[in-house]
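In my numbering, the protein residues as written are 3 to 201.
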Amino acid sequence: MLNHHLFSLINAPPGLTPAQLFLPMAVARWSACGVLLGLVLSWWIAERELRAELVKFATGAVIALLLAGAAAIVVGTLGPSAWGREAIPGTRYLPQGWLPDLPSTSVAMLWAVAITAFGQDRLSVAGPFLLTLGLAVGWSRIYLGASLPGDVLAALPVAAAASALTWWLRAPVHRLALRLDEAQGRGLRRHFRRRPDQR
């Protein structure tokens, strides 16, 4: 089977040291979290026009996580015999969760943000970077034995669906962006407002 053959070609050999595994471990585990944290920090310091696009990014990421999680639950209910993961020989450096990584949740989230970026005016340059980062995460997870190539490939339609839902929900997402912007403005005004007895 092509999926199993590709896994055997990419999967890491046994006996690697923690130092040799540091980079793929970091990419596989922390890339998605780093992008989400970057979205939050960028929204906090960005100007108002840019914040609306960042909220769309975050919406696409959340929808992708929900869709990927739902798909993993459906696949997980079928049992290991249905998706054949236990029968594949290989090295497992990254422990598998209680659900199969089909589709790959981290890759789906990154690609959903990337596809959403291509539809934005000012942040479209982030699209190629996020697509490449998603590929790096997928490769790292296969290398560490946590995912199969088919898991990574299955993340693409999930990401496309999440991006399409984000576009379909663009009106409420825009209202959400305005409310978040107003809430931040009120919070900053309260923070910097000095009480009369302190003047």
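No residue lacks a Cβ here, since even glycine has one placed at the ideal position from N, Cα and C.
Please return the same chain residues whose Cβ sits closer than 7 Å to the Cβ of residue i, not counting the five positions on each side in sequence.
i	result
A1	Since the first and last residues shown for the chain are 3 and 201, residue 1 lies out of range.
A116	G129, L132, L133 and G136
F9	I90, G92, I144, L150 and P151
D153	D103, L104, P105 and S106
A161	A66, A110, W113, A114 and I117
H176	A54
A163	L69
Can you tell which of the options has the C-alpha that lies nearest to the C-alpha of residue i?
i	options	result
R50	N13, R124 and L135	R124
P97	G36, V154 and A30	A30
T107	R94, Y95 and A72	A72
V37	L158, R177, A148 and V139	V139
W1	W141, A60, R181 and N5	Lying outside 3 to 201, the shown extent of the chain, residue 1 is not represented and no answer is given.
P159	A48, A70 and A34	A70
F24	S142, A148 and H176	S142
A182	P20, W46 and A148	The sequence given here places Leu at residue 182; Ala does not occur at that position. Selected option, being the one with the closest Cα: W46.
A119	A148, L11, L41 and A21	L41
L167	V64, P20, N13 and S33	V64
L95	L11, M3, C35 and P20	Strictly speaking, residue 95 in this sequence is Tyr, with Leu absent from that position. Taking only the C-alpha atoms, the option nearest Y95 is P20.
N203	A157, A163 and A148	This structure leaves residue 203 out entirely; the chain is present only between 3 and 201.
Using a threshold of 7 Å, state whether the C-beta atoms of residue i and residue j are closer than that.
i	j	result
G62	S165	yes
V76	L104	no
L112	P26	no
Leaving out five residues before and five after residue i in sequence, what residues of the same chain have Cβ atoms less than 8 Å from its Cβ?
i	result
G17	none
P15	T93
R172	K58
N5	L150, P151 and G152
A48	L56
Quick one: residues in its chain with C-beta nearer than 6 Å to the C-beta of residue i, no 5 flanking neighbours on either side, listed in chain order?
i	result
A84	Bear in mind that the predicted position of A84 carries a pLDDT of just 48, short of 50, making it too unreliable to give a figure here.
Q122	E55
S44	L56
W32	none
Ranges of the alpha helix (DSSP H) found wholly within the region 116 to 159, counting only runs of at least 4: Segments of the alpha helix (DSSP H) lying fully in the region 116 to 159: 128 to 145.
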